[in-house]
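Q: What follows is a single structure, and I will ask about it in a moment.
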Amino acid sequence: MDSPQTQAIAFFDVDGTLLSSTIVHCYVWLRTHTLTPLMKFFWTIGFLPKVVYYLILDKISRTRFNKVFYRNYDGLESTELKSLSTDMFNSYLKQKIFPEAISQIEEHKENGDQIVLLTGSLDFIVMPIAEYLGVDSVLAPSLGELGSRFVGELKSEPLIGEQKAIVMKKFAEDVGISLDVCYAYGDSQSDLPMLNCVGNPVVVNPSRALRQKALSTGWEMHEWMQAS
44 MDSPQTQAIA FFDVDGTLLS STIVHCYVWL RTHTLTPLMK FFWTIGFLPK VVYYLILDKI
104 SRTRFNKVFY RNYDGLESTE LKSLSTDMFN SYLKQKIFPE AISQIEEHKE NGDQIVLLTG
164 SLDFIVMPIA EYLGVDSVLA PSLGELGSRF VGELKSEPLI GEQKAIVMKK FAEDVGISLD
224 VCYAYGDSQS DLPMLNCVGN PVVVNPSRAL RQKALSTGWE MHEWMQAS
């Protein structure tokens, strides 16, 4: 039987929308996974003061936060971290995926829609998630590399805010589908540009500000939870 013709594109943000995790959680997992309990304790003690700074910076500008935070990868072995991404998915991220998100993706597939993950999380972290969910495309940033090490800077602008909308518009144009028939799923105020540029915005586990926006505009809204 022929697969259904693509009817629309469903763009999904990842962190907070598809699963309960953040770029900070993933970085901590990658840095501490191979450490002994004692080494992990001291590493965590050293990292905690930065968390307060990152929380404040994220409130001011998520784009700026991403740029600053990814500097933590500077000088780290890229091959080693990339090889750990599958282990991280299997032992940590997989159980963080919301079951309702999986059901929603399957429904879009049945309707012949193309599934695209659009995220500010790093590409090598997102790929195992994409493979597990069987999505069609991944739009995610990559870190620059020098030899076998990351340089701590993205190769392009962070996929945050207006940049998400720009990338979405180009992707839809390239495949010849109007954004008026497309879907976008997001959870935070920084996802507003991607939600605003589609005909079917869907708000998931929204922040207070985004909840108010959804209520005032009549956008579809869901509360997705981890499996117990």
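Counted from 1, the sequence shown has number 75 at position 32 by the working numbering; the numbering is strictly sequential.
C-beta: ideal position from N, C-alpha, C; glycine also.
Have a look at Asp234 and Glu174 and give me their C-alpha separation to the nearest angstrom.
A: 23 Å
Q: Excluding the 5 residues flanking Tyr97 on each side, which residues of the same chain have their C-beta closer than 8 Å to its C-beta?
A: Val67, Phe108, Val111, Phe112
Q: Return the residue from the list Asn243, Arg74, Asn154 that minimises the CA-CA distance to Ser121.
A: Arg74
Q: Using three-state DSSP, classify Gln157 as helix, strand or coil.
A: DSSP, read as helix, strand or coil, puts Gln157 in strand.
Q: How would you write the range of the alpha helix (DSSP H) that His68 sits in, first residue to last?
A: Segment 66-75, the alpha helix (DSSP H) holding His68.
Q: I'd like to check one pair, Gly187 with Val194: are the Cβ atoms closer than 8 Å?
A: yes
Q: Excluding the five sequence neighbours on either side, which residues of its own chain have a C-beta within less than 6 Å of the C-beta of Trp262, listed in chain order?
A: Closer than 6 Å at Cβ, skipping near neighbours: Pro244, Val246.
Q: Given a cut-off of 8 Å, decide if Lys139 and Ser63 are closer than it, judged by their beta-carbon atoms.
A: Lys139 sits close to Ser63, with the two beta carbons spaced by under 8 Å.
Q: Would you report the Cα separation of Met237 and Phe54, rounded to the nearest angstrom?
A: Between Met237 and Phe54, the C-alpha separation is close to 9 Å.
Q: The alpha helix (DSSP H) spanning Glu216 covers which residue range?
A: 205-218
Q: Out of curiosity, what's the CA-to-CA distance linking Thr162 and Pro80?
A: 32 Å
Q: Would you kindly work out how many angstroms separate the C-alpha atoms of Lys93 and Phe84, rounded to a whole number?
A: In a straight line, the C-alpha of Lys93 is about 15 Å away from that of Phe84.
Q: Could you tell me whether the Cβ atoms of Leu160 and Leu127 are closer together than 8 Å?
A: No, the Cβ-Cβ distance between Leu160 and Leu127 is not below 8 Å.
Q: For Glu188, which three-state DSSP category applies?
A: strand
Q: Would you tell me roughly how many angstroms separate the C-alpha atoms of Ser250 and Leu222, rounded to the nearest one?
A: 24 Å
Q: With a CB to CB cut of under 6 Å and the five nearest residues on each side skipped, what residues in its chain are close to Ala227?
A: The residues are Phe54, Met237, Leu238, Val241, Pro244.
Q: Rounded to the nearest angstrom, what separates Lys281 and Leu61 at their Cα positions?
A: A question about residue 281 goes unanswered here, because the residues of the chain that appear run from 44 up to 271.
Q: Can you give me the C-alpha to C-alpha distance between Asp45 and Met170, rounded to a whole angstrom?
A: Interpretation of Asp45 is limited by its pLDDT of 49, a score under 50 that renders its predicted location unreliable; the figure taken from the coordinates is listed afterwards. So the two alpha carbons sit approximately 27 Å from each other.
Q: Return the residue from the list Glu123, Leu176, Asp117 that minimises the CA-CA distance to Leu136.
A: It is Leu176.
Q: Is it buried or exposed, Tyr70, if we count other Cβ atoms within 10 angstroms and call 16 or more buried?
A: buried
Q: What are the boundary residues of the alpha helix (DSSP H) that includes Asn243?
A: Segment 243-247 is the beta strand (DSSP E) holding Asn243; no alpha helix (DSSP H) there.
Q: Determine the contact status of Gln269 and Phe141, defining contact as a CB-CB distance below 8 Å.
A: yes
Q: Using C-beta distances below 6 Å, list every residue in its chain close to Gln206, excluding the 5 sequence neighbours before and after it, in chain order.
A: Glu200
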